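Read left to right, the sequence shown gives residues -19 to -1, 1 to 180 (mature numbering (1 follows the signal peptide of the UniProt record, and there is no 0)). Just so it is clear, CB atoms sit at the ideal spot from N, CA and C, and this is done for glycine as well. Computed from a prediction, not measured in an experiment: that's the story for all the values here. One structure is given below, encoded as structure tokens.
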Amino acid sequence: MKKQLLLPLFLFASFISFSQGITTEKETTSSEEIVYKRDIAKNELSIGTLNLVAFGALDVAYERIITPNSSWAIEAFVLALDRDNEDIGDAFNKDVSLTGKYKYFFGDRTAWGFYVNGLAMISSGKYSEYNEYFVDDIYYSNREKISYTDFALGFGLGGKFVGKQGFFLDLSTGIGRNLFNDNSPVVVGQFNVNLGFRF
């Protein structure tokens, strides 16, 4: 597991180094302002590299910039691994999910820097429930996998760093609560390391 996390951490460190070299002011030449793609493009596509490398999960996102300080996004998640044959612990209780987000950015540039978001997620999967019981004074325990589908509401925070030509790194985390199904996990979580392109 540690080896699988090295690639996303290396990519993160490389991108942070790259982003520190980007100036905070727009460059000017002969009193003519240069406009970069990151400042005028409104659409983004990205892939969740951490989930792909560490867990074999396909995690893709589309984001649309509404104003310089806000955007909405939709994320689709599909777990490709067979959990019966892979030791991934309780990292994912969901097999598929669809998540909608509204993000508000606090940076000076278009959809850049620290942000907070609200999220709504519909997910489906198998939740492993641990049962303990006694029969004739003999102790028994087992894990029972129960299928579920549920809807969660929650919030998150993150940071997005965008290069001049539109390539970006988006780091985010979030938490939500499932609302309707007694067989689903009470809490759902997200941790995303997305690499993408603004166009």
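- Going by beta carbons, Phe178 and Gly140 fall outside the 9 Å limit.
- Distance from Asn164 to Tyr129 at the Cβ level is roughly 4 Å; contact confirmed, criterion being Cβ atoms closer than 8 Å.
- Annotation for Val16: no alpha helix (DSSP H) segment contains it, and DSSP assigns it neither H nor E.
- When C-beta atoms of the segment 14 to 21 are compared with those of the segment 144 to 157, three or more pairs fall below 8 Å, so the two segments count as touching.
- Between Leu152 and Asn98, the C-beta spacing is not below 9 Å.
- One thing to note: Phe149 has its Cβ no nearer than 9 Å to the Cβ of Glu56.
- When the alpha-carbon of Gln171 is set against those of Phe86, Glu125, Gly155 and Lys126, the nearest one is in Gly155.
- The straight-line gap separating the alpha-carbon atoms of Ile28 and Gly88 is approximately 23 Å.
- For Tyr120, the closest of Lys75, Asn112 and Thr91 by C-alpha to C-alpha distance is Asn112.
- Counted as a single uninterrupted DSSP element, the stretch harbouring Leu79 is not any alpha helix (DSSP H) but the beta strand (DSSP E) occupying residues Lys75 to Phe86.
- Excluding the 5 residues flanking it on each side, Lys75 has same chain C-beta neighbours closer than 6 Å at Ser104 and Gly106, in chain order.
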